[in-house]
Every structure is written in C-alpha cells, then in structure tokens.
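Number 674 marks the last residue of the sequence shown (our numbering); no jumps.
Shown next, in structure tokens, is the structure this report addresses.
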Amino acid sequence: MQNKVNITNLKTNEIKILDKNRCQELLKEYFNGNYNVKNEIIMGNLKLILMAIKKFNITNNVDLDDLFQIGCIGLIKAIDNFNLSLNVAFSTYAIPMIIGEIKRYLRDNNNVKISRQIRDLAYKILKEKEKFIILYQKEPTSAQLSEILNESVYKIDEALKSLNCVVSLQESLSNDLDEDMTYLDYLSDDYNIEQSFINLNTLKQGIENLDFLQRNIIIKRYYSGKTQEEIAKELFISQAQVSRLEKNAILKLKKYF
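Spelled out as structure tokens, the structure:
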C-alpha cells in the first residue's frame, strides 16, 4: 500500500493486465491495419504507466493525474514504434518510453533553475534515448549515450540527474520499521563525507600506481562502463586476459587501501 498510485476517476487496483501473448497478437493485428484494437492494447497496459510512476519520488506539487496522462502519451508512442521482428516483450520496451516521457514533462515543469547548457543536454539525451529504444528495443547505457553525443559519462549522468523530481529534506519516508524518518536523516555526517574524500583520493592514487594495461582496463570497465569483450577488442587481447588483468588490478587496489 506504501507505493499505491491513486488516479482520479480510475480504480487502479481494477485495471486488467493484458496477457503477454494476447498483447503480441493484438500488436500484430494493429500493424496489419486493424486500428480498432489500439484502445484494447492501451487499456491492457495501463499498469505499465503505474509501474513507471512509482520509480519517481513524487512531491506534493506534482499532480499524479497529469503524470498518468503524460505516461499514456509515452505508452501510445511505444505502441506506434514497437518492432515485432526483434522478439522483445512489449513491456520491456514500453516502460523506458513511458519514463522518458514523464522525465521530459518533469524537466519542463521543474521549479528549480537548471543551467541552459544542462537542460539542452538533457533534452538531447532524452531524444537519443528514444531513438535508441526504438531501434534496439532496450535502454542505452550512460557509456553508449556518451559515445553517441560525444559527451563525458559524468556530463550525461549530471544531465539525467537534473530530470529528477525535487523533494523536501523534511519529507517523510516510509520504511520497513515504520519509523517517521525524513530525507535529512539519510544525509551523511561530516565524518562520512571526510572519509569519502579520503577513500576517493586513495583510489585515485591506487589506480595511478597500476601498470598501463591494468589501469586502462579499470578505467574502461568502471568509468566508461565497457564490457570485458569490448575492452579485449580495443586492446587486441583475449577476454580471458582482460578478466585476469582486471582481477589482479582489483587485488592490487585492495592491498593499496
């Protein structure tokens, strides 16, 4: 009940879920010219919108009815752009599309001033994410977006974070212990902040003390988000070698700490 989404004039607990196979059948009919089934596809996938809304920290100044309507737009886009030939479940493809549409709405209606540069980049990211999802039927990683937009992973993540909802530090949080806690209770104290800086500097020095190949692999794996297979191709070595070098590098870093 903690995560229940209430929408005006809609009993969310009574929404019928369309069976996966039935959904695929209706989508085939739709793409074959039977546009009358579109409403049935929409009504049978409304739960996906509720799932998407639950992923956001919704504040009191955000109208859930508005978010639900925006989510419906994302769902319709997902239906119109779905590719049956890729053999992907519709829900897997639709949820990122719905979330992207909601993020775009929240970005445009955010009360907090965000720099024009970050806002423009966030808009480009959402557009590229949508294109990527339509093409590959899955969400791109920050590393893939970084390559597409020729921006650093840090800037990509920063722009994506700017799309998140703003919450009050005094807002109550539900938890398993039923304690009345706020976001402020979760903020780290000065000791933890200081310790984080120490750890960060130690890690930086540790990486600098690795040999060239190990350092390269750690940076590519944990900062650029690349797979061992991708790194192996770039460095012209086998995946087994990458795995061994990565394991040895992590052991060295642990000893350095």
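Each residue gets a CB set at the ideal place from its N, CA and C atoms; glycine is no exception.
Model, not experiment: these values are computed from the prediction.
Straight-line Cα distance separating residue j from residue i
{"i": "residue 648", "j": "residue 431", "result": "49 Å"}
{"i": "residue 434", "j": "residue 513", "result": "18 Å"}
{"i": "residue 497", "j": "residue 510", "result": "12 Å"}
{"i": "residue 680", "j": "residue 621", "result": "With the chain represented from 418 up to 674, any question about residue 680 goes unanswered, as that position is not in the structure."}
{"i": "residue 654", "j": "residue 630", "result": "11 Å"}
{"i": "residue 570", "j": "residue 641", "result": "7 Å"}
{"i": "residue 632", "j": "residue 551", "result": "36 Å"}
{"i": "residue 437", "j": "residue 634", "result": "41 Å"}
{"i": "residue 493", "j": "residue 466", "result": "11 Å"}
{"i": "residue 462", "j": "residue 495", "result": "11 Å"}
{"i": "residue 479", "j": "residue 521", "result": "14 Å"}
{"i": "residue 665", "j": "residue 573", "result": "30 Å"}
{"i": "residue 404", "j": "residue 542", "result": "Only positions 418 to 674 of the chain appear in this structure, which leaves residue 404 out of reach."}
{"i": "residue 449", "j": "residue 515", "result": "24 Å"}
{"i": "residue 562", "j": "residue 623", "result": "28 Å"}
{"i": "residue 444", "j": "residue 499", "result": "9 Å"}
{"i": "residue 652", "j": "residue 672", "result": "26 Å"}
{"i": "residue 456", "j": "residue 464", "result": "14 Å"}
Reduced DSSP category for residue i - H, G, I as helix; E, B as strand; rest coil
{"i": "residue 480", "result": "coil"}
{"i": "residue 497", "result": "helix"}
{"i": "residue 454", "result": "helix"}
{"i": "residue 617", "result": "helix"}
{"i": "residue 438", "result": "helix"}
{"i": "residue 633", "result": "helix"}
{"i": "residue 623", "result": "helix"}
{"i": "residue 659", "result": "helix"}
{"i": "residue 641", "result": "coil"}
{"i": "residue 674", "result": "coil"}
{"i": "residue 461", "result": "coil"}
{"i": "residue 650", "result": "helix"}
{"i": "residue 504", "result": "coil"}
{"i": "residue 665", "result": "helix"}
{"i": "residue 471", "result": "coil"}
{"i": "residue 432", "result": "coil"}
Distance CB(residue i)-CB(residue j) smaller than 8 Å
{"i": "residue 576", "j": "residue 643", "result": "no"}
{"i": "residue 545", "j": "residue 566", "result": "yes"}
{"i": "residue 554", "j": "residue 627", "result": "no"}
{"i": "residue 447", "j": "residue 459", "result": "no"}
{"i": "residue 658", "j": "residue 646", "result": "no"}
Cβ neighbours of residue i in the same chain (closer than 8 Å, five flanking residues each side left out)
{"i": "residue 441", "result": "501, 507"}
{"i": "residue 519", "result": "469, 470, 473, 484, 487, 488, 491"}
{"i": "residue 556", "result": "513, 546, 549, 550"}
{"i": "residue 505", "result": "554, 555"}
Residues near residue i by beta carbon distance below 7 Å, same chain, minus five either side
{"i": "residue 535", "result": "575, 576, 579"}
{"i": "residue 540", "result": "none"}
{"i": "residue 453", "result": "none"}
{"i": "residue 662", "result": "630, 631, 634"}
Residues near residue i in its chain [Cβ-Cβ closer than 6 Å; skip 5 each side]
{"i": "residue 538", "result": "576"}
{"i": "residue 670", "result": "623"}
Residue-chain proximity (residue i, chain C), Cβ-Cβ < 8 Å
{"i": "residue 564", "result": "Looking for chain C here will not work: only one protein chain is present."}
At what residue ranges does the stretch 519–585 contain a whole run of the alpha helix (DSSP H), taking only runs of 4 or more?
533–553, 559–566, 570–578
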